[in-house]
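Under my numbering, the first residue of the sequence shown is numbered 16, with each subsequent residue one higher.
Cβ coordinates follow ideal geometry from the N, Cα and C atoms, glycine included.
In this text, all values refer to a predicted model and were calculated from it rather than measured experimentally.
These notes concern the structure reproduced below.
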Amino acid sequence: MSPSIAPCERFLRASLSEAAEGARWLPSVLRSSAILGFNRCSKNRSTLSEGLCDKRFVAQKAVVLLSGGLDSTTVLAIARSMGFEAHALSFRYGQRHLHEISCAKAVADRFGVAEHVIADIDLRVFGGSALTSAGIAVPKDRDLSSPETSIPVTYVPARNTIFLSFALAYAEVLGSSDIFIGVNALDYSGYPDCRPEFIHAFETMSNLATKAGVEGRERLRIHTPLIASSKAEIVRQGVALGVDYGMTSTCYDPAPDGAACGHCDACALRLKAFSENGLIDPARYVS
16 MSPSIAPCER
26 FLRASLSEAA
36 EGARWLPSVL
46 RSSAILGFNR
56 CSKNRSTLSE
66 GLCDKRFVAQ
76 KAVVLLSGGL
86 DSTTVLAIAR
96 SMGFEAHALS
106 FRYGQRHLHE
116 ISCAKAVADR
126 FGVAEHVIAD
136 IDLRVFGGSA
146 LTSAGIAVPK
156 DRDLSSPETS
166 IPVTYVPARN
176 TIFLSFALAY
186 AEVLGSSDIF
196 IGVNALDYSG
206 YPDCRPEFIH
216 AFETMSNLAT
226 KAGVEGRERL
236 RIHTPLIASS
246 KAEIVRQGVA
256 LGVDYGMTST
266 CYDPAPDGAA
276 CGHCDACALR
286 LKAFSENGLI
296 DPARYVS
């Protein structure tokens, strides 16, 4: 399937579930009308198929946080299928798995982003994570059948707060009101900055901190289309959107050539997701 922008009908179908998720943060009096607005618009299928849908959704700019991993690549595919002009934002932050940046470049090219910015920040100056500190080992072959009760050592302190802050600045420069991020709170992670409460709080803060917010213009929205999806559901959705997961890198501790270790938590969850879909993971693994 081509990664080109899909018709408006696909945007509406994809947006209904996201609207339902996002609407729960609205005051109760607004929830039904927020979702109803999508339903009302979706009834005009003949008009939409002629490309006469609300121009707000045609070539509207969005910042998409893109690591080059499975989740963020799926989110980019979703943003493009919704009709957004995607501006991808990636980070070299001193991560152990720097190979993901080359994957992000390939994915950005594949999905025809308008611009791909790679920002350099060095979170190794603080350390405190197996992903940024050479002295902290990446856990391998753990039992992930039980819910995580503590924050894992692969959590990078304040990483999503930092990434979203950069995305907010980028969105302001672009005149965009939409940011996409691939956080997921359903499958194992234990990361505090992947929770709906965090995203809601950051979005609220963003609308207090920006010029557009102060001037009363369109509110900034942080889209989290995967936040309530299992990893298997994410893979299924991505495959339906034409994502080539062989281009992505999920491993926390890859070999020098980028081959995945197959034993870290990220690899284990990824392999399980493909298996549950009856698929073979196309990523390269250390033999």
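Item                                                                                                                                                                                                      : Value
Using 8 Å as the cut-off, can you tell me whether the segment 242-259 makes contact with the segment 100-110, which would need three or more C-beta pairs spanning the two stretches below that distance? : no
Let's see if you can read the secondary structure: which residues bound the beta strand (DSSP E) around Lys76?                                                                                            : Lys76 to Leu80
I believe Val78 touches Tyr185 by the beta-carbon criterion, under 8 Å. Please report the beta-carbon distance rounded to the nearest angstrom.                                                           : 5 Å
Buried or exposed, going by whether 16 or more other CB atoms sit within 10 Å of the CB of Ala288?                                                                                                        : buried
I need the straight-line Cα distance from Ile249 to Ile214, nearest angstrom please.                                                                                                                      : 19 Å
Exposed or buried, Ile116, counting other C-beta atoms within 10 Å across all chains shown (16 or more means buried)?                                                                                     : buried
Given this structure, state the Cα-to-Cα distance separating Leu91 from Thr164, to the nearest angstrom.                                                                                                  : 31 Å
Quick check on Cys209: does DSSP put it in helix, strand or coil?                                                                                                                                         : helix
Which same chain residues, not among the five before or five after Cys118, have their C-beta less than 7 Å away from its C-beta?                                                                          : Gly83, Met262, Thr263 and Ser264
Would you mind giving the Cβ-Cβ distance between Arg111 and Asp268, rounded to the nearest angstrom? I have them listed as a contact below 8 Å.                                                           : 6 Å
For His102, which beta-bridge partners are listed by DSSP?                                                                                                                                                : Val78 and Glu130
Straight-line CA distance for Ser191 to Lys76?                                                                                                                                                            : 5 Å
Within this structure, are the beta carbons of Phe106 and Phe217 separated by less than 8 Å?                                                                                                              : no
For the beta strand (DSSP E) holding Arg236, just list the boundary residues, first then last.                                                                                                            : Arg236 to His238
Classify Arg95: buried if its beta carbon has 16 or more other beta carbons within 10 angstroms, exposed otherwise.                                                                                       : buried
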